[in-house]
Amino acid sequence: MARANARRVVTLEIQRFNPEIDSAPHQQSFQVEADPSDRVLDLLNRIKWFQDGTLAFRRSCGQGICGSDAMCINGRNRLACKVLVKNLGEHISVRPLPGFRVIKDLVVDLRPFFQHYIEVMPYLINDERPPATERLQSPEERARYDDTTKCILCAACTGACPPFWANGRFIGPAALVNAHRFIFDSRDRGRAERLAILNQRFGAWGCRDVGNCTEACPRGIQVQDAIDQCKRAILAELT
Ligand code: SF4
Ligand code: FES
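Here you go:
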């Protein structure tokens, strides 16, 4: 009987696309030996280093911190460095994040994603004279936006969002999470301006409460809840 923790061969079905030679994406299979402790990122690295150096994907930290390696693994958007192969079975499908233009293989064009992020002014706005030491905040005030500080801008949520797939003008869940992070920060003075930005058809109202975003987030952020809080703030303060 095979040992559960034995090294085994798994098949990765990877979506390939090279715009210089392909007219459309296609699937390519790779057989790779995997240890139970391997992550999908380890297998992608092994394929790139020892089987096909042309395979393109993003990665950096390998520790779930940088957000570079979000991709669609067995139908769910996840970080390749956070998914253990032993939890996926012997056939693993790997595709680029849905909803974005594919540049090559698993690398997508994230410029629209970061453009929407910039639109919500994701920085502290406060023109008041700063105190001699620091802008104090109570533990309760800090806790108000703690969840949304955890965002690593991986785009897994926005790439799982049907309203964003349907219309890329919708700013998407990640931008809304990062708006929330400052709207509910007691030190910030840009709240009204940010709520006005969100109070548009392709702002917070572009969200249709599908909820894929929360399920996709590798940081466990309650994305849908944060969006709903922004909507309620708009209704309470702008209407
Ligand atoms: Fe990634 Fe979560 Fe931030 Fe969305 S909210 S970009 S899924 S970390
Ligand atoms: Fe940085 Fe996965 S490589 S989050």
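Note that my numbering has the sequence shown beginning at 217, numbered continuously upward.
Think of the CB as a built atom: it goes at the ideal place given N, C-alpha and C, for glycine as much as any other residue.
With DSSP collapsed to three states, give me the class of residue 227.
strand
Beta-carbon contacts of residue 415 that lie in its chain and below 7 Å, excluding the five residues immediately before and after:
450 and 454
Less than 7 Å between the C-beta atoms of residue 320 and residue 286, yes or no?
no
List the residues that DSSP assigns as beta-bridge partners of residue 289.
292 and 310
Where residue 293 falls, given that 16 or more other Cβ within 10 Å makes a residue buried
buried
Residue 242 and residue 255 closer than 7 Å at C-beta:
no
Take residue 379 and list the residues in its own chain whose beta-carbon comes closer than 6 Å to its own, dropping the five residues that flank it on each side.
386, 422 and 424
Contact test: residue 367 Cβ vs the ligand FES heavy atom, cutoff 6 Å:
no
Can you tell me whether residue 437 is buried or exposed, with buried defined as 16 or more other CB within 10 angstroms of its CB?
buried
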